[in-house]
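Engineer: The structure under discussion is supplied below as structure tokens; questions concerning it will follow.
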Amino acid sequence: MTDCKNAATHFVDRHVSEGRGDKLAFREADGKQRDITYAQLADQTARAAAAFRKVGINREERVALLVLDQQEMPVLFWGALKAGVIPIPLNTLLAASVYDVILRDSRAVALFVSESLYPVVAPALQDNPFLREVIIIADDAPQGAITYDAFMQGAEPAQTVETSEDEIAFWLYSSGSTGQPKGVKHVHGSLCATADTYGAHVLGIREDDVVYSVAKLFFAYGLGNGMTFPMSVGATAILFSGRPTPDVAAEIMDIHKPTIFCGVPTLYAAMVHYWEDGKALPDTKLRTCISAGEALPEEIGKKWFARWGVDILDGVGSTEMLHIFLSNRPGDVIYGTSGLPVPGYDVRLVDEDGADVGPGGVGELLVSGPSAADGYWNNRGKSRSTFEGHWTRTGDKYERTETGRFIYCGRTDDMFKVSGIWVSPFEVEQALIAYPAVLEAAVVAWRDEEGLEKPKAFVVLKPGHGESELDELKEFVKQKIGKWKYPRWVEVVKDLPKTATGKIQRFKLREGA
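As structure tokens, this is what we get:
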């Protein structure tokens, strides 16, 4: 494994000493097209480290980064690591009330915020007893805040502090697919571990790659895609601060020619639909596509390959494990499965009593690997139930095939039985999506008039289709996966509730059903 005593040395400064200082590290695709090279990044992160000290932010104190995907994000993240300060990238799509909870829970002493996000977070700053500094990335700062330029002004490059691979480097807050987000603590060594395993052995990232990740830098999947992996080899990453709609993603792919595209199933489905009417594909140099956040429906993967000629490497990861640990890989893609363990990771399936589950059975997925989190902040009970020695509980139910591949069945609390037989919501959802009129689908347990649980489906229909097709849809699912699994009720909705990572929040559907 890579020596990762202070991850900033490996991911930033090493490229200058190895002759890649002039190589483009990040390019913004927001129209302004700001660029930053590895040499400029090394200099600015060293100045940021000094700026933290200048304003009195000390080693091991925490700073919240409510920053869009723009070059200030990597500068602040790696600059904090150089100073021994702990950065906490925050989801940019939350409400003020949630920011208030996170800022108080983390006791962050400073908040860095992009200009457009300040009005959202401003109510959460009132009466916060921990915040000493608010730094806004803008030309002007409101009362009680300073600008990013003022923060950096006069800061001469500082030396990187010595740390240990096992020292806490940064936090991430879990996406909260089942409730309130939890602070997940990660060490320096985990950043190198994900690059040495998934980045090297599955993604196969190279120095000449250009990476575009629609998944944002503020959460684990996007952090690896858009920062850790390209920076592990001196590649280039494209940053886009806006919403990644299919037309925008197509334009970025056409202009910036990424070789690696990192998406989520929701966007892949939307992009497949976007090109269904014969639109010309963008002129790209794609060689690899990856997906995570939610299991990729088989139908979407096959349609994508048919149109692009490039496979989507679907995998599963978690905030607790920092990135993907189970994945399909180049030349070995079976759509409808999450593939095989990533080199460096072990997985097992267990039943409710902790006994191993053999091929064909359904069990909870446990994973062991070098990137596991140090634990949750201020949540000892949850830490003890999730992190069991070398093993981390994922909360996902899987089935292992005779060939060793893993098939996603659903979250532990999403699974239910019909007539005594386990039903996988994901299996029913895949069948629903295979119907031509359905764009997206989610399935939950719902009790009938006799109090027995049966599948209920929520579907987003493609334009031009309506509720008159629902009986035909039910029959289609019956024929595809079995009569006891088909949804007894189908409700048409405009959209499905999701986390920022693209995970469907089925608990919200159960509560509102």
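First residue of the sequence shown? That's 1 in the UniProt record's numbering, and the numbers climb one at a time after it.
Cβ coordinates follow ideal geometry from the N, Cα and C atoms, glycine included.
Nothing here was measured: the structure is a model prediction, and the numbers come from that model.
Are the region 14-33 and the region 45-54 in contact at 8 Å, needing three or more beta carbon pairs?
Structural biologist: Result no; under three Cβ-Cβ pairs closer than 8 Å.
Engineer: Do G317 and A292 count as a contact pair if the criterion is CB distance below 8 Å?
Structural biologist: Yes, the Cβ-Cβ distance between A292 and G317 is below 8 Å.
Engineer: Spatial neighbours of A96 within its chain, please: C-beta separation below 8 Å, excluding the five flanking residues on both sides.
Structural biologist: Cβ within range, chain order: V120, V121, A122, P123, A124.
Engineer: Is DSSP giving Y268 helix, strand or coil here?
Structural biologist: Here Y268 sits in helix by DSSP.
Engineer: How should P425 be labelled, buried or exposed, when 16 other C-beta atoms within 10 angstroms of its C-beta is the threshold for buried?
Structural biologist: Buried.
Engineer: In three-state DSSP terms, what is V120?
Structural biologist: DSSP places V120 in helix when its eight states are reduced to three.
Engineer: According to the neighbour-count rule (16 or more other Cβ atoms, all chains shown, within 10 Å of its Cβ), is K494 buried or exposed?
Structural biologist: By the 10 Å Cβ count, K494 comes out exposed.
Engineer: Are the CB atoms of P487 and K508 within a distance shorter than 8 Å?
Structural biologist: It is not a contact, given that the beta carbons lie outside the stated cut-off.
Engineer: Over what stretch of residues does the alpha helix (DSSP H) that includes W78 continue unbroken?
Structural biologist: Note, W78: alpha helix (DSSP H), 72-83.
Engineer: Can you check the region 297-345 for any alpha helix (DSSP H) of at least 4 residues that lies completely inside it and give the ranges in chain order?
Structural biologist: Listed in chain order, they are 298-308.
Engineer: Which term fits K285, buried or exposed, when burial requires 16 or more other beta carbons within 10 angstroms of its beta carbon?
Structural biologist: Burial call: exposed.
Engineer: Quick one: complete alpha helix (DSSP H) runs, 4+ long, within the region 132-214?
Structural biologist: Segments of the alpha helix (DSSP H) lying fully in the region 132-214: 148-152, 188-194.
Engineer: At 4 residues or longer, and completely inside the UniProt domain "AMP-binding enzyme C-terminal" (427-503): list those alpha helix (DSSP H) runs for me, N to C.
Structural biologist: With a minimum length of 4 residues, the continuous alpha helix (DSSP H) runs that stay inside the UniProt domain "AMP-binding enzyme C-terminal" (427-503) are 470-481.
Engineer: Three or more C-beta pairs closer than 8 Å, one from the region 183-192 and one from the region 318-325: is that the case here?
Structural biologist: The region 183-192, when compared against the region 318-325, does touch it at the 8 Å Cβ threshold.
Engineer: Using the C-alpha atoms, what's the distance from D100 back to S177?
Structural biologist: Residue placement at S177 is poorly supported in this model, since its pLDDT is 49, which falls under 50; the coordinates still yield a value, given next. In a straight line, the C-alpha of S177 is about 19 Å away from that of D100.
Engineer: Starting from the N-terminal side, write out each stretch of the alpha helix (DSSP H) that is 4 residues or longer and does not extend beyond the region 17-98.
Structural biologist: For the region 17-98, whole alpha helix (DSSP H) runs of length 4 or above, ordered along the chain, are 38-54, 72-83.
Engineer: If I follow the unbroken beta strand (DSSP E) through V418, where does it start and stop?
Structural biologist: Unbroken beta strand (DSSP E) run through V418: 416-418.
Engineer: By the three-class DSSP mapping on this structure, what secondary structure does T236 have?
Structural biologist: Correct three-state label for T236: strand.
Engineer: Apart from the five residues on each side of it in sequence, which residues of its chain come closer than 8 Å, Cβ to Cβ, to D254?
Structural biologist: Answer for D254: P282, D283, T284, listed in chain order.
Engineer: Report the residue from T194, E133, L76, A64 whose alpha carbon sits nearest the alpha carbon of L103.
Structural biologist: Looking at the Cα atoms, A64 is the closest of the given residues.
Engineer: Since Y135 contacts A110 with CB under 8 Å, what's their CB separation in whole angstroms?
Structural biologist: Note that residue 135 is Ile in the sequence shown here, rather than Tyr. Confirmed, about 7 Å.
Engineer: Say whether the region 254-273 touches the region 293-309, bearing in mind that this needs 3 or more beta-carbon pairs closer than 8 Å, one atom from each stretch.
Structural biologist: Touching, yes.
Engineer: Give the C-beta separation of T245 and D209 to the nearest angstrom, bearing in mind that I take them to be a contact with Cβ-Cβ under 8 Å.
Structural biologist: With 8 Å as the limit, T245 and D209 do not qualify as a contact, their Cβ atoms being about 24 Å apart.
Engineer: Could you spell out where the beta strand (DSSP E) holding L366 opens and where it closes?
Structural biologist: Note, L366: beta strand (DSSP E), 362-368.
Engineer: Taking 8 Å as the cut-off, decide whether the C-beta atoms of S338 and F406 are in contact.
Structural biologist: Yes, Cβ-Cβ distance for S338 and F406 is below 8 Å.
Engineer: So if DSSP puts R411 in a beta bridge, which residue, or which two residues, is it bridged to?
Structural biologist: D396, per the DSSP bridge assignment.
Engineer: Would you mind sorting T9 into buried or exposed? The rule is 16 or more other CB atoms within 10 Å of its CB.
Structural biologist: Buried, since its Cβ has 16 or more Cβ neighbours within 10 Å.
Engineer: Using 8 Å as the cut-off, can you tell me whether the region 390-407 makes contact with the region 340-354, which would need three or more C-beta pairs spanning the two stretches below that distance?
Structural biologist: Cβ pair count under 8 Å is three or more, so yes.
Engineer: Flag this pair as yes or no: are the beta carbons of E294 and G502 separated by less than 8 Å?
Structural biologist: Their beta carbons are under 8 Å apart, which means E294 touches G502 by this criterion.
Engineer: Compute the Euclidean distance between the alpha carbons of E251 and G263, then round it to the nearest angstrom.
Structural biologist: If you take the alpha carbons of E251 and G263, they lie about 15 Å apart.
Engineer: With DSSP as the reference, please indicate the residues paired to D356 in a beta bridge.
Structural biologist: For D356, which the question treats as bridged, DSSP gives the partners V350.
Engineer: If we count the other Cβ atoms within 10 Å of its Cβ and call it buried at 16 or more, is D396 buried or exposed?
Structural biologist: With 16 or more Cβ atoms within 10 Å of its Cβ, D396 is classed as buried.
Engineer: Ends of the beta strand (DSSP E) at A110?
Structural biologist: Run containing A110: 110-114, per the beta strand (DSSP E) assignment.
Engineer: Are the region 232-245 and the region 26-41 in contact at 8 Å, needing three or more beta carbon pairs?
Structural biologist: Counting Cβ pairs under 8 Å, three or more are found: they touch.
Engineer: Could you compute how far the alpha carbon of T412 sits from the alpha carbon of A155?
Structural biologist: Whole-angstrom Cα-Cα distance: 50 Å.
Engineer: I'd like the list of long-range same chain contacts for N6, defined as Cβ closer than 8 Å, with 5 residues on each side in sequence excluded.
Structural biologist: L81, K82, T160, V161, E162, T163, H188.
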